[in-house]
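Trainee: The structure that follows is given in the form of structure tokens.
2 protein chains.
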Amino acid sequence: MQDIVKIAVDAMGGDNAPTEIVKGTIQAIKKRQDIKVFLVGKEEVIKKELAQYEYPEGQLEIVNAKEVIETAEPPVMAIRRKKDSSIVKAMNLVKSGEADALVSAGSSGAILVGGQVIVGRIKGVERPPLAPLIPTKKGVSLLIDCGANVDARASHLLQFAKMGSVYMENVIGIKNPKVAIVNIGAEEEKGNALVKETFPLLKNSPEINFIGSIEARDIPSGDADVIVCEAFVGNVILKLYEGVGATLIGKIKEGMMSSLRSKIGALLVKPALKETLKSFDASQYGGAPLLGLNGLVVKTHGSSKATEVMNSIIQCVTFKEQNINEKIKQNISLNEE
Amino acid sequence: MQDIVKIAVDAMGGDNAPTEIVKGTIQAIKKRQDIKVFLVGKEEVIKKELAQYEYPEGQLEIVNAKEVIETAEPPVMAIRRKKDSSIVKAMNLVKSGEADALVSAGSSGAILVGGQVIVGRIKGVERPPLAPLIPTKKGVSLLIDCGANVDARASHLLQFAKMGSVYMENVIGIKNPKVAIVNIGAEEEKGNALVKETFPLLKNSPEINFIGSIEARDIPSGDADVIVCEAFVGNVILKLYEGVGATLIGKIKEGMMSSLRSKIGALLVKPALKETLKSFDASQYGGAPLLGLNGLVVKTHGSSKATEVMNSIIQCVTFKEQNINEKIKQNISLNEE
């Protein structure tokens, strides 16, 4: 018999909630019979959305949650006070083992705090990093950490490298993934205090395939599979990736519309261009896992549409099937001895 | 009588030295009669390059320097030992007042070290930041600091904001330039320890027009004129800008070549696209000044071609004419009292 993966989905989180979240959920359970989803949020709102669809009802259960944590709320306070919020209730489903995983497009801060406080860390893990996949020339790389735990220590970064390697090898299927640390030059003696302290730890770790420093310029080339950095830097990289991409594509569209000649050309290149740019669109790759927790917590982009929600839900199946947390546990405890 | 601005140009620095450096120098002195260039480097090599051109000879003087500092050399040692290198000799011309400014496409490390050790800081300036202009949707923004002095303090960042404002107002001509600090969220309480400490200093400084935090995603939109950050983060932003841009343009070209239809379209959009992308090309804006020194030191991109060298040389004229260093001196000393 096939194992069923149980996933709690925060129906109220994100810019397009609940419509796109519910739609993505329906797409996911229609696509995969080995998934059961708990849709967590305001029951009457969810029911109204669901009324539009036909779907396998045995694979979906509504869990009522009357409160919603807003993006602007201070996360620690929100998690503590809003016990009946969709995020807190979904987290509790993971904690109790009723759900294997949680997917939310809601407040990053609340998800990061809730993950640590409610779901809890795997023994030995010092900090759970948020690790999105970013598109590159060759495919995808894992950028670890992009969370809200800034000012990390070298020992945290070493753990990020190990957890990221387990993820890339087992979820994405890259054998012996190449690990690099974000730096401002290729030489070992370059960098800030944190990088200089972390570099030898990575170099001497037998569990990872460390290839040295990577300059930001080379990240989009895809030369490293796991890109290790402190969360402030990771956040800057992730968001600049989006920003430069969007601005440049806007500029190109503007250029194409500037003359009759170029407008005709634009019509001809459009289909081919759309296909190429799709491969450089981060939303194709689902959400970012918060690694190192007792259960899987996936943060999807706040502006997620149904496709991204569906991809994030399906991503949880591989994570469960591959026993990622068991592998992280072994990897981290090796280090502890 | 017109004032002549005297500029020392490092003929030996950069990937395309000496050919493109000499070519750019010739273009600059042909364009502007108010410039005199000292071409610093191996005399016989420079003479051979110059033999190809006709130019106003009174505006150019060769200064012989027998050594060259390579990019890979440890900068402190190189500056100390290679007294007869083109960088050290050019720096000494600025120090002695024989030249007002220096332009080099050579080793960043050597330029940063030489700037501080040989040219020296303006009294009161704690750290000279490297501040390149980056292209945005609206024009250009100044990214300050992208140098090699990582792990900055809050007081350094405050000075960067002030010096950057003077530069944008007087050299680029933006009235009351908007200053923002790179952060991982828009709220004041977000950020790492350095940002949290710097934020109130910027907020309470009457000399600058502080608009708050800027997320990396919004940098390419051009909402801030002066973007303040610590050098490690600045370096990541600068290089990722280049990397994402180059990768995306590569992807687009690839997409355009994928079918006969799109190839025909590509021919039609090409001229318009070339024009648009030019406005997003950092090399159009000359080099990055190292601010806060007793003289102007400009670092141009290592891969600079003649046009960028020429722009960097001409940029020095405005800097001198506007008395930027005098204004920085006043601005910083206000702060000291």
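Chains as they are written, first to last, in my numbering: chain Y, 1 to 337; chain E, 1001 to 1337. The beta-carbon is built from N, C-alpha and C at its ideal position, and this holds for glycine as well.
Which residue wins for smallest C-alpha separation from residue 144(Y), given the options 110(Y), 45(Y), 234(Y), 241(Y)?
Mentor: It is 234(Y).
Trainee: Closest to residue 255(Y) by C-alpha separation, out of 1270(E), 1242(E), 1103(E), 1080(E), would be which residue?
Mentor: The shortest Cα separation from residue 255(Y) among 1270(E), 1242(E), 1103(E), 1080(E) belongs to 1270(E).
Trainee: Measuring CA to CA, which of 1093(E), 1180(E), 1297(E), 1152(E) is closest to residue 1161(E)?
Mentor: Comparing Cα positions, the closest option is 1180(E).
Trainee: Short of 7 angstroms Cβ to Cβ, which residues in the region 149-178 of chain Y face chain E?
Mentor: If the cut-off is 7 angstroms between Cβ atoms, the region 149-178 of chain Y has 150, 151 near chain E.
Trainee: Between the beta-carbon of residue 204(Y) and the beta-carbon of residue 178(Y), is there less than 7 angstroms?
Mentor: It is not a contact, given that the beta carbons lie outside the stated cut-off.
Trainee: Could you tell me which of 1067(E), 1074(E), 1091(E) sits nearest to residue 1082(E), measuring between CA atoms?
Mentor: Answer by Cα proximity: 1067(E).
Trainee: Along the chain, where does the beta strand (DSSP E) containing residue 60(Y) start, and where does it finish?
Mentor: Segment 60-64, the beta strand (DSSP E) holding residue 60(Y).
Trainee: Could you tell me the alpha carbon to alpha carbon distance between residue 1333(E) and residue 263(Y), rounded to whole angstroms?
Mentor: When rounded, the distance between both Cα atoms is 55 angstroms.
Trainee: Taking residue 1207(E) as the reference, which of 1313(E), 1331(E), 1319(E) has the closest Cα?
Mentor: Of the listed residues, the one whose Cα sits closest to residue 1207(E) is 1331(E).
Trainee: Spatial neighbours of residue 1150(E) within its chain, please: CB distance less than 6 angstroms, with the 5 preceding and 5 following residues excluded, ordered by chain position.
Mentor: Within the same chain, residue 1150(E) has close Cβ partners 1231, 1232.
Trainee: Can you pull out the residues from the region 75-104 of chain Y whose beta carbon lies closer than 8 angstroms to at least one beta carbon of chain E?
Mentor: Of all residues in the region 75-104 of chain Y, none has a Cβ within less than 8 angstroms of some Cβ in chain E.
Trainee: Three or more C-beta pairs under 8 angstroms: does that hold for the region 193-203 of chain Y against the region 96-116 of chain Y?
Mentor: Flag = no, the region 193-203 of chain Y and the region 96-116 of chain Y do not touch.
Trainee: Could you tell me the boundaries of the beta strand (DSSP E) in which residue 209(Y) lies?
Mentor: Start and end: 209-215.
Trainee: Mind checking if residue 1137(E) is an interface residue toward chain Y, Cβ cutoff 7 angstroms exclusive?
Mentor: So, interface residue.
Trainee: Can you tell me the Cα-Cα spacing of residue 174(Y) and residue 1228(E), whole angstroms?
Mentor: The alpha-carbon atoms of residue 174(Y) and residue 1228(E) are separated by roughly 38 angstroms.
Trainee: State the Cα-Cα distance for the pair residue 111(Y) and residue 87(Y), rounded to the nearest angstrom.
Mentor: Cα to Cα, the separation comes out at about 7 angstroms.
Trainee: Within 7 angstroms (strictly less), CB to CB, does residue 1241(E) reach chain A?
Mentor: Among the protein chains in the structure shown, which are Y and E, there is no chain A.
Trainee: How about residue 1101(E) and residue 1296(E): are their beta carbons less than 7 angstroms apart?
Mentor: For residue 1101(E) and residue 1296(E), yes; Cβs fall inside 7 angstroms.
Trainee: In three-state DSSP terms, what is residue 1068(E)?
Mentor: In the structure shown, residue 1068(E) sits in coil (DSSP, three-state: anything other than H, G, I, E or B).
Trainee: Measuring CA to CA, which of 159(Y), 105(Y), 78(Y), 308(Y) is closest to residue 40(Y)?
Mentor: Per the Cα distances, 105(Y).
Trainee: For the pair the region 1215-1225 of chain E and the region 1132-1143 of chain E, tell me if three or more CB-CB distances fall below 8 angstroms.
Mentor: Flag = yes, the region 1215-1225 of chain E and the region 1132-1143 of chain E touch.
Trainee: Just to confirm, is the Cβ distance from residue 1120(E) to residue 1294(E) under 7 angstroms?
Mentor: Contact flag set, yes.
Trainee: So, with DSSP's three-state summary, where would you put residue 1291(E)?
Mentor: Three-state result, residue 1291(E): coil.
Trainee: Can you list the alpha helix (DSSP H) stretches of 4 or more residues lying completely in the region 4-49 of chain Y, in chain order?
Mentor: Entirely contained in the region 4-49 of chain Y, the alpha helix (DSSP H) runs reaching 4 residues are, in chain order, 19-31.
Trainee: Beta-carbon within less than 6 angstroms of residue 1090(E)'s beta-carbon, same chain only, minus the 5 sequence neighbours each way: which residues are those?
Mentor: Here the set comprises 1008, 1010, 1040, 1102.
Trainee: Here's a check: name, in chain order, each residue in its chain whose Cβ is nearer than 6 angstroms to the Cβ of residue 287(Y), leaving out the five neighbours to either side.
Mentor: For residue 287(Y), where only same-chain residues beyond five positions count, the Cβ hits under 6 angstroms are 298, 299, 300, 312.
Trainee: From the beta carbon of residue 331(Y), is the nearest beta carbon of chain E less than 7 angstroms away?
Mentor: With 7 angstroms as the cut-off, residue 331(Y) does not count as an interface residue toward chain E.
Trainee: Would you list, in sequence order, the uninterrupted alpha helix (DSSP H) runs of no fewer than 4 residues that lie entirely inside the region 1102-1130 of chain E?
Mentor: Entirely contained in the region 1102-1130 of chain E, the alpha helix (DSSP H) runs reaching 4 residues are, in chain order, 1108-1114.
Trainee: How is residue 1074(E) classed by DSSP in three states: helix, strand or coil?
Mentor: Coil.
Trainee: What are the residues of the region 197-224 of chain Y that lie near chain E, defined by any Cβ-Cβ distance shorter than 8 angstroms?
Mentor: Those residues of the region 197-224 of chain Y that come within reach of chain E (Cβ to Cβ, closer than 8 angstroms) are 215, 216, 217, 218, 219, 220, 221.
Trainee: Indicate whether at least one CB of chain Y lies closer than 7 angstroms to the CB of residue 1247(E).
Mentor: For residue 1247(E), the answer is yes, since a Cβ of chain Y falls inside 7 angstroms of its Cβ.
Trainee: If you draw a straight line from the C-alpha of residue 1159(E) to the C-alpha of residue 1306(E), how long is it?
Mentor: Between residue 1159(E) and residue 1306(E), the C-alpha separation is close to 33 angstroms.
Trainee: I need the DSSP call for residue 1195(E), collapsed to helix, strand or coil.
Mentor: In this structure, residue 1195(E) counts as helix in the three-state DSSP scheme.
Trainee: When burial is assigned at 16 or more other CB atoms within 10 Å of the CB, is residue 97(Y) buried or exposed?
Mentor: Classification of residue 97(Y): exposed, given that the 10 Å Cβ count is below 16.
Trainee: Could you give the DSSP three-state label for residue 1183(E): helix, strand or coil?
Mentor: Looking at residue 1183(E) - three-state DSSP - the assignment turns out to be strand.
Trainee: For residue 127(Y), count the other beta carbons within 10 Å of its own beta carbon; 16 or more makes it buried, fewer makes it exposed. Which is it?
Mentor: Under this definition residue 127(Y) is a buried residue.
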